[in-house]
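J.: Before I ask anything, let me first share the structure, which is written out below as structure tokens.
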Amino acid sequence: MASDLTMDDGVGMRLDLEAKKTLTIGTDNLELHDPVAQKSGRNSCAPLASGSAKQLIPLYNVLWAEVSNNRITVDFALHASKTKIKADKWSIPLAPIDSENPNGTSAETFVSTLLARAYGEAIPRKRAYVLINPNSGPGGAVRLWKAEVKPLFDAARMELDVVTLTRGGEATELAEKVDLTKYDTIMACSGDGTPYEIFNGLGKRPDAGHALASMAVSHIPCGSGNAFSCNLYGSHRASFAALAIIKGIVTPMDLVSVTQGNNRIISFLSQTLGIIAESDLGTEHLRWMGAARFEYGIITRMFKRTCYPCDLAVKVEIEEKSDVKAHYKHHVSNTNLAKLATNAEPTDSGLPKLKYGTSEDPLPEGWELVSYDNIGTFYVGNMAYMSPDANFFTASLIADGCMDLVTIDGNLPPLTALKVLLDVESGKSFDNPHVTYKKITAYRIIPRNQDDGYISIDGEKLPFGPFQAEIHPRLGRVISKAGKYEGEGPADWDKVTVADRIHARKEAWRGLTAKSKQVWVCWWGLLIRANLLPHHDNLHQHLTIQTPVSSHIGHAPTVAQGGIVGGNSNANVTWLPSAHVTISTWVAKVEGRRASSASGASGASGAPSATASGSSRGPPTAALEDPDNTKSLSDVMMALRKLREGIVASKRADDFSIQAYLFCIRLSVLVKHPESYHPAILHLLGHIMPLHPLTSIEVQEVVGYLILDTACRRRELADAISLRHEYQIKDSKLDAALEALIHDNYILFQRVKRDVDRHRQKLLEWADDDIRLHTLKCFGRAYLGVDLDYLEMATNAKWKDLKEKDGVGWALDGERVVIRKVPTRQG
Numbered sequence: 001m002a003s004d005l006t007m008d009d010g011v012g013m014r015l016d017l018e019a020k021k022t023l024t025i026g027t028d029n030l031e032l033h034d035p036v037a038q039k040s041g042r043n044s045c046a047p048l049a050s051g052s053a054k055q056l057i058p059l060y061n062v063l064w065a066e067v068s069n070n071r072i073t074v075d076f077a078l079h080a081s082k083t084k085i086k087a088d089k090w091s092i093p094l095a096p097i098d099s100e101n102p103n104g105t106s107a108e109t110f111v112s113t114l115l116a117r118a119y120g121e122a123i124p125r126k127r128a129y130v131l132i133n134p135n136s137g138p139g140g141a142v143r144l145w146k147a148e149v150k151p152l153f154d155a156a157r158m159e160l161d162v163v164t165l166t167r168g169g170e171a172t173e174l175a176e177k178v179d180l181t182k183y184d185t186i187m188a189c190s191g192d193g194t195p196y197e198i199f200n201g202l203g204k205r206p207d208a209g210h211a212l213a214s215m216a217v218s219h220i221p222c223g224s225g226n227a228f229s230c231n232l233y234g235s236h237r238a239s240f241a242a243l244a245i246i247k248g249i250v251t252p253m254d255l256v257s258v259t260q261g262n263n264r265i266i267s268f269l270s271q272t273l274g275i276i277a278e279s280d281l282g283t284e285h286l287r288w289m290g291a292a293r294f295e296y297g298i299i300t301r302m303f304k305r306t307c308y309p310c311d312l313a314v315k316v317e318i319e320e321k322s323d324v325k326a327h328y329k330h331h332v333s334n335t336n337l338a339k340l341a342t343n344a345e346p347t348d349s350g351l352p353k354l355k356y357g358t359s360e361d362p363l364p365e366g367w368e369l370v371s372y373d374n375i376g377t378f379y380v381g382n383m384a385y386m387s388p389d390a391n392f393f394t395a396s397l398i399a400d401g402c403m404d405l406v407t408i409d410g411n412l413p414p415l416t417a418l419k420v421l422l423d424v425e426s427g428k429s430f431d432n433p434h435v436t437y438k439k440i441t442a443y444r445i446i447p448r449n450q451d452d453g454y455i456s457i458d459g460e461k462l463p464f465g466p467f468q469a470e471i472h473p474r475l476g477r478v479i480s481k482a483g484k485y486e487g488e489g490p491a492d493w494d495k496v497t498v499a500d501r502i503h504a505r506k507e508a509w510r511g512l513t514a515k516s517k518q519v520w521v522c523w524w525g526l527l528i529r530a531n532l533l534p535h536h537d538n539l540h541q542h543l544t545i546q547t548p549v550s551s552h553i554g555h556a557p558t559v560a561q562g563g564i565v566g567g568n569s570n571a572n573v574t575w576l577p578s579a580h581v582t583i584s585t586w587v588a589k590v591e592g593r594r595a596s597s598a599s600g601a602s603g604a605s606g607a608p609s610a611t612a613s614g615s616s617r618g619p620p621t622a623a624l625e626d627p628d629n630t631k632s633l634s635d636v637m638m639a640l641r642k643l644r645e646g647i648v649a650s651k652r653a654d655d656f657s658i659q660a661y662l663f664c665i666r667l668s669v670l671v672k673h674p675e676s677y678h679p680a681i682l683h684l685l686g687h688i689m690p691l692h693p694l695t696s697i698e699v700q701e702v703v704g705y706l707i708l709d710t711a712c713r714r715r716e717l718a719d720a721i722s723l724r725h726e727y728q729i730k731d732s733k734l735d736a737a738l739e740a741l742i743h744d745n746y747i748l749f750q751r752v753k754r755d756v757d758r759h760r761q762k763l764l765e766w767a768d769d770d771i772r773l774h775t776l777k778c779f780g781r782a783y784l785g786v787d788l789d790y791l792e793m794a795t796n797a798k799w800k801d802l803k804e805k806d807g808v809g810w811a812l813d814g815e816r817v818v819i820r821k822v823p824t825r826q827g
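What follows is the structure, given as structure tokens:
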């Protein structure tokens with residue numbers, strides 16, 4: 001019976017059966033060959049085709065095999081349809097023992113080799129503690145368990161202890177008391193609520209750390225959302241999840257601590273406030289609809305353009321979407337989580353100590369609390385899929401030590417909001433410009449201007465009020481299909497060059513490009529000079545400041561002055577940006593490009609820049625707008641964010657702090673990065689200015705930015721006018737911009753936009769879409785036709801863009817646009 005094939009870990013091993021049939025272990029399949037069927041003309045490679053000469057079972061589908069009474073029995077999972085898998089088996093007599101070759105492969109050796117190949121790193125015959133929630137979702141958990149799941153588990157010879165739950169919270173109590181040595185997994189046959197209870201039950205034990213790190217949680221989807229199963233097994237079908245659990249491997253998973261007051265709970269899935277929370281918790285009465293209730297809830301609330309004001313402080317780890325993609329690629333390509341789970345040493349202690357305290361403690365050092373008035377969706381995910389058709393967090397990873405934060409404004413036009421929703425369903429929301437996506441490790445959120453509302457933690461309601469969350473890397477264990485989430489990841493993640501981007505956000509110094517390192521070194525030197533950061537000899541020995549440059553805080557230190565230790569005289573550290581050099585000129589120099597001759601002359605002469613004063617349009621910003629500079633500029637933005645964090649942590653309020661914040665604000669405005677300039681403006685005005693006053697020109701400049709941002713990007717004209725009166729701003733161009741926005745005066749808007757400086761132009765660009773659409777509506781209502789040049793001037797857009805991007809249905813007749821044709825009279 002020995003095979004004449006070369007065998008590698010059992011590949012090619014053959015077992016002879018009666019009637020000259022053979023079983024062969026292939027690389028991915030178990031093959032049954034029947035030469036009698038072949039002679040009769042029946043030859044099929046279709047899996048398990050009856051009467052075929054060759055029948056194949058994927059090794060993944062092999063559940064069990066054994067030899068008894070001179071027969072081999074193979075239990076396997078058969079794909080009965082696209083939505084159901086059922087248990088099936090072969091039972092075939094063995095061939096008589098060949099007296100001429102008594103030392104061939106025995107049936108017992110074949111079976112053990114087959115099972116080893118079929119299960120790989122997975123535990124065979126898992127011992128499961130099954131908790132069935134009969135009230136989950138539409139209420140079919142018991143039926144699904146009996147009809148689809150248990151037959152597969154029985155075929156795989158799993159050992160099952162089954163409990164049918166009778167009340168809410170019972171799963172928590174059972175998990176808290178479970179014997180960890182008796183089972184390989186606690187299995188929830190339910191929606192996502194029961195896994196939530198299981199994790200929190202394990203977390204309440206005195207040995208919570210050991211319990212969470214040794215008892216794997218698994219899930220049979222019987223609820224509405226079934227996110228646990230979608231992420232770990234790639235399906236919301238009960239039988240598909242059952243097969244994935246049978247063949248699944250123990251995998252470490254990040255868990256999240258959520259604190260509110262003195263209450264601490266464990267979250268495995270998500271935390272949300274806003275439309276998503278209302279669409280989940282506010283549709284409990286529609287559980288009979290299944291997953292469709294979430295879509296119904298979102299659509300009915302989306303058109304109300306509801307916002308949920310809040311104060312938010314976030315510990316951001318990766319801010320730019322391109323770096324999030326690179327981070328995703330790095331972890332998907334280089335992490336063996338099954339090995340990490342095997343090698344981990346569980347602790348016998350309780351839950352990990354909270355690194356940032358609770359929501360009741362003072363704000364952690366270095367955190368910046370920022371007010372947001374227009375948030376419609378605040379959504380933090382620890383998994384990718386939130387329901388079968390909602391891959392909301394496409395870059396989520398099972399154990400990367402980060403949560404994924406998505407925010408979406410609530411005041412988006414209904415059609416725009418609908419587009420975001422459709423992008424979520426198609427898995428394209430990551431790249432939608434209206435979706436902000438970040439990797440974070442902790443946050444605190446404080447709702448404002450709302451007495452009551454919905455906060456959802458893993459689909460469970462939390463009392464409405466402030467709460468805080470932080471990640472615990474690899475705290476939990478789950479059964480996963482392949483040691484990872486089954487999501488596809490963000491679009492084009494595999495095309496990102498990891499070497500160029502990933503360590504720029506995970507390891508701040510090593511990941512920066514050479515030129516951006518120079519920028520970072522200069523700011524680092526300023527922080528040390530201002531006693532905001534301690535000296536670090538390993539860093540300083542590589543740095544040299546060649547020439548002192550004047551600034552508002554004095555002179556940059558030279559090596560001789562000892563301000564920054566320099567051990568390498570050849571280190572080519574770039575010059576420090578002084579207050580008299582325009583930001584765009586500085587960026588152009590950092591990126592190795594020459595600024596325009598006008599700006600260069602201004603920088604060389606030391607004359608105050610137009611940008612700093614806000615009195616003229618300022619120099620071109622080609623270096624900022626060049627797409628090739630995207631990575632370098634994102635590195636600069638990260639360095640400036642670190643600078644602001646250092647100032648916040650130091651609680652300084654002096655000239656250095658003011659000039660550093662002004663520089664950050666100006667650059668962030670030029671690159672249209674509201675995540676940087678908006679909190680920086682609020683901190684400068686709300687925390688630094690009361691302690692160390694700004695000059696009147698600086699106040700005029702910064703408040704002007706805030707007013708235009710409020711009016712154009714946030715679309716809050718009343719708040720913008722209120723800010724103007726509060727700070728008593730007198731600026732004719734600013735007044736003209738507000739007047740144009742209030743009255744939808746597109747002619748005045750374009751005139752103002754041409755007259756203001758480049759920074760204000762960038763802020764006014766946030767209103768371009770609204771103004772252009774209003775202009776088109778005005779033309780459509782008032783004109784039968786219009787000259788093409790006038791239409792393009794009024795809308796500040798080319799005809800091709802109006803047709804393709806705005807969907808204009810008018811006709812072009814030479815140089816004239818026909819809006820409405822005059823009907824001809826019938827004579």
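What the sequence shown shows, in UniProt numbering, is residues 1 to 827, in sequence order.
Even for Gly, the Cβ is constructed at its ideal location relative to N, Cα and C.
In this text the structure is predicted, and so the values were computed from the model without any measurement.
Which residue or residues does DSSP assign as beta-bridge partners of Trp90?
T.: Val74, per the DSSP bridge assignment.
J.: Buried or exposed: which applies to Cys778, given that a residue is buried once 16 or more other Cβ atoms fall within 10 Å of its Cβ?
T.: Flag for Cys778 reads exposed.
J.: From what residue to what residue does the alpha helix (DSSP H) around Gly120 run?
T.: Gly120 -> no alpha helix (DSSP H), and no H or E assigned at all.
J.: Are any of the Cβ atoms in chain B nearer than 8 Å to that of Leu405?
T.: You won't find chain B in this structure, because it holds only one protein chain.
J.: Can you tell which of Pro309, Thr251, Leu684 has the C-alpha that lies nearest to the C-alpha of Tyr372?
T.: Answer by Cα proximity: Pro309.
J.: Give me the residue from Asp458, Val478, Leu475, Arg448 with the minimum Cα distance to Phe464.
T.: Measuring from the Cα of Phe464, the nearest candidate turns out to be Arg448.
J.: First and last residue of the alpha helix (DSSP H) that includes Arg666?
T.: It spans 655-670 - the alpha helix (DSSP H) in which Arg666 sits, taken as one unbroken run.
J.: At which residues does the beta strand (DSSP E) containing His472 begin and terminate?
T.: Its beta strand (DSSP E) spans residues 467-480.
J.: Look up Met252 in the DSSP assignment and say whether it is helix, strand or coil.
T.: Before going on, a small fix: residue 252 reads as Pro here, not Met. Residue state, collapsed to three classes: strand.
J.: Given that a residue counts as buried once 16 or more other Cβ atoms are within 10 Å of its Cβ, and exposed if not, what is Val163?
T.: It counts as exposed.
J.: What is the DSSP secondary structure of Asp744, counted as helix, strand or coil?
T.: Reduced to three states, the DSSP call for Asp744 is coil.
J.: Mapping the DSSP letters down to three states, classify Thr185 as helix, strand or coil.
T.: Looking at Thr185 - three-state DSSP - the assignment turns out to be strand.
J.: Judging by CA-CA distance, which residue of Gly483, Ser634, Ala711, Gln700 is the nearest neighbour of Leu232?
T.: It is Gly483 whose Cα lies nearest to the Cα of Leu232.
J.: Which residue's Cα is closest to the Cα of Lys146: Thr358, Ile132, Ser270?
T.: The shortest C-alpha separation from Lys146 is found at Ile132.
J.: To which residues does DSSP link Phe303 through a beta bridge?
T.: Beta-bridge pairing links Phe303 to no other residue.
J.: Assuming Phe393 and Gly381 are in contact, meaning their beta carbons sit under 8 Å apart, how far apart are those beta carbons, in whole angstroms?
T.: Phe393 to Gly381, Cβ: 4 Å. Contact.
J.: CA-CA distance, Trp493 and Leu78?
T.: Distance between the alpha carbons of Trp493 and Leu78 is about 34 Å.
J.: Ordered along the chain, which non-local residues of its own chain (more than five positions away) have a Cβ less than 7 Å from that of Val669?
T.: Within the same chain, Val669 has close Cβ partners Tyr677, Tyr705, His759, Lys762, Leu763.
J.: What does a CB cutoff of less than 6 Å around Ile245 pick up in its chain, not counting 5 residues either side in sequence?
T.: Excluding positions up to five away in sequence, the list reads Ser218, Ile479.
J.: Could you have a look at Val67 and say whether DSSP puts it in helix, strand or coil?
T.: Correct three-state label for Val67: strand.
J.: Taking the C-alpha atoms as reference points, what is the distance between Ala802 and Val808?
T.: Ala is not the amino acid found at residue 802; the sequence shown has Leu there. About 6 Å.
J.: Look at the alpha carbon of Trp810 and the alpha carbon of Tyr783, and state the distance between them as a whole number of angstroms.
T.: So the alpha carbons of these two residues sit roughly 12 Å apart.
J.: Across the stretch 176-185 and the stretch 252-263, are there enough close Cβ pairs to call them in contact, namely three or more that are closer than 8 Å?
T.: No contact exists between the stretch 176-185 and the stretch 252-263.
J.: Could you name the residues of the same chain whose beta carbon sits closer than 8 Å to that of Val786, not counting the 5 residues immediately before and after it, in chain order?
T.: Answer for Val786: Phe779, Arg816, Val817, Ile819, listed in chain order.
J.: Across which residues does DSSP place Gly381 in a beta bridge pair?
T.: Per DSSP, Ser270, Asp404.
J.: Between Thr409 and the rest of its own chain, which residues show a CB-CB distance below 6 Å, the 5 nearest in sequence each way excluded?
T.: Per the sequence shown, the amino acid found at residue 409 is Asp instead of Thr. The answer, listed in chain order, is Asn374, Gly376.
J.: Output yes or no for whether 8 Å exceeds the beta carbon distance between Ile25 and Arg117.
T.: Going by C-beta atoms, Ile25 is nearer than 8 Å to Arg117.
J.: Which two residues bound the contiguous alpha helix (DSSP H) that contains Ile707?
T.: Its alpha helix (DSSP H) spans residues 696-708.
J.: For Gly459 versus Gly225, is the C-beta distance shorter than 8 Å?
T.: Yes, these two residues count as a Cβ contact at 8 Å.
J.: Please go through the stretch 435-469 and give each complete alpha helix (DSSP H) segment of 4 or more residues, from N-terminal end onward.
T.: None, since the stretch 435-469 contains no complete alpha helix (DSSP H) of that length.
J.: Count the other CB atoms, across all protein chains shown, that sit within 10 Å of the CB of Asn334; report buried if there are 16 or more and exposed otherwise.
T.: Looking at its Cβ environment, which holds fewer than 16 other Cβ atoms inside 10 Å, Asn334 is exposed.
J.: Measuring CA to CA, which of Leu421, Gln700, Arg205, Asp744 is closest to Arg724?
T.: Nearest C-alpha to Arg724: Gln700.
J.: What is the C-beta distance between Ala390 and Glu425, in whole angstroms, given that I count them as a contact (C-beta under 8 Å)?
T.: At roughly 7 Å, the Cβ-Cβ gap stays under 8 Å, so Ala390 and Glu425 are in contact.
J.: Tell me the rounded alpha-carbon separation between Lys495 and Arg477.
T.: One C-alpha to the other measures close to 31 Å.
J.: Is the distance from the Cβ of Ala171 to the Cβ of Lys315 below 8 Å?
T.: Cβ distance not < 8 Å, so Ala171 and Lys315 don't count as in contact.
J.: Residues bridged to Gly785 by DSSP?
T.: Answer is Val818.
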